[in-house]
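Residue numbers (the numbering used here): 56 to 507.
Rendered as structure tokens:
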């Protein structure tokens, strides 16, 4: 049954809502999924696409996304382009398990899952929904809330596939699990809406590397959602790389809930797309846990990269640390919005938030908005932000030690990016990201000469 929904008077919203009937008919799924989809559609219709008048979006204009001729992407016949994209990427050298998705749909012929411990599941979300959806019904849509997140609502209504990872209590997955999303969109407005659900049981250990690449340059739209549940005393690391086509639009939600004494690291690297936004919201739901949110964005030309984060301290004795650096060139823009919310019960909270932006051009721009909202009285919370160009005194110091100006600039810029990369705990994933960022920086003429 398709709900009777009146879309908000907002450009593009009516077109999207009008596509739902055909989509829902083609992706029925288990009985409990239909109400979840309908709730997502109703939430999206009520909110519409955000505008610059919305406080959380006042630095990021998504009007170009709203103007797209929205059409959920379908399955495609995989050809050599996707294999070549993998072979040419730094991920070809990443060891471990690999689940590949093309236009958001699982591609078994490009994937490889090695032998794993009994009970571990690494599979297509669509297949899991079709075969045994009981576990998914308990968790899907429980962490990525649609209220005040219209793009999460849109994904909830229209997702067709994605990854499902389940690690039972007490099990360690030694090698990283790679989720590789390749877009082969050929038409403007094609929408790729993957949904990932990651469940790590108590005392388990897991590393997930989620990446987005493309084989074409059409102005397509990726709208991804990843939900993460980390059980008590688990160790979870999530590394996300966005390196989409220059004309693409990428909006993603990472939502998590973490248990007592767990340790969770979430890293975001934004290199591609014309416009990208990562909405990260995590709830520290158990006592004594530690969470690190860590990210780097490299922008050129007229790119815009936006990170919007909310860390909710819901229990005492928890620590959260946010570190985000941006290197911006040409007329590009970087946006950082970080909010730490401390509940009255969350005494002994230790929360830190840092955003640093390095401008390689006089026309580059950074907007930063760190926030603290504290309702407990025994806490340690700090935040800070910087925006500027390379420090002339630092360059002078290095030159006084015998380095050329080019070498000094290269060293300082790489160190600025390196302090984010070195926080990745999984060594193979860290090496892959380090090589990619190094190569991308070295290809930038402003790395050496500011006037270039």
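Think of the CB as a built atom: it goes at the ideal place given N, C-alpha and C, for glycine as much as any other residue. Note that this is a predicted model, so its numbers are computed, not measured.
Residue 478 sits in coil when the DSSP states are folded into three classes, being neither helix nor strand. Sequence-distant Cβ neighbours of residue 150 in its own chain, meaning closer than 8 Å and more than five residues away, are 230, 231 and 483.
Beta-bridge partners of residue 171 (DSSP): none assigned.
Judged by DSSP secondary structure, residue 179 falls within the beta strand (DSSP E) whose first and last residues are 176-179. In its chain, beyond the 5 residues on either side, 78, 213 and 246 have a beta carbon closer than 6 Å to the beta carbon of residue 127. Beta bridge pairing from DSSP links residue 396 with 367 and 428. Fewer than three beta-carbon pairs drawn from the region 132-141 and the region 345-365 are found closer than 8 Å, and the two stretches are therefore not classed as touching. When Cβ pairs closer than 8 Å are counted between the two stretches, the region 280-295 is seen to touch the region 242-260, the count reaching three or more. Residue pairing from DSSP places residue 383 in a beta bridge opposite 354 and 414. Note on the region 211-270: whole beta strand (DSSP E) runs with a minimum of 3 residues are 218-222, 232-238, 245-247, 250-255 and 260-269, in chain order. Within 10 angstroms of the beta-carbon of residue 182 lie fewer than 16 other beta-carbons, which makes it exposed.
The alpha-carbon separation between residue 209 and residue 97 amounts to approximately 9 Å. About 7 Å separates the beta carbon of residue 377 from that of residue 409, a gap short enough to meet the 8 Å contact definition. Measuring C-alpha to C-alpha distances from residue 237 to each of 337, 170 and 153 identifies 153 as the nearest. Under DSSP, the beta-bridge partners assigned to residue 441 are 411. Sequence-distant partners of residue 92 (beyond 5 residues in either direction) whose C-beta falls short of 7 Å from its own C-beta, in its chain, are 79, 211 and 212. Secondary structure note for residue 401: it is in no beta strand (DSSP E), with a DSSP letter that is neither H nor E.
Under the 10 Å beta carbon count, residue 158 is surrounded by 16 or more other beta carbons and is classified as buried. In the three-state DSSP reduction, residue 152 falls in the strand class (E or B). Collapsing the DSSP output to three states places residue 127 in a strand. Rounded to the nearest angstrom, the gap between the Cα atoms of residue 274 and residue 119 is 10 Å.
At least 8 Å separates the beta-carbon of residue 261 from that of residue 284.
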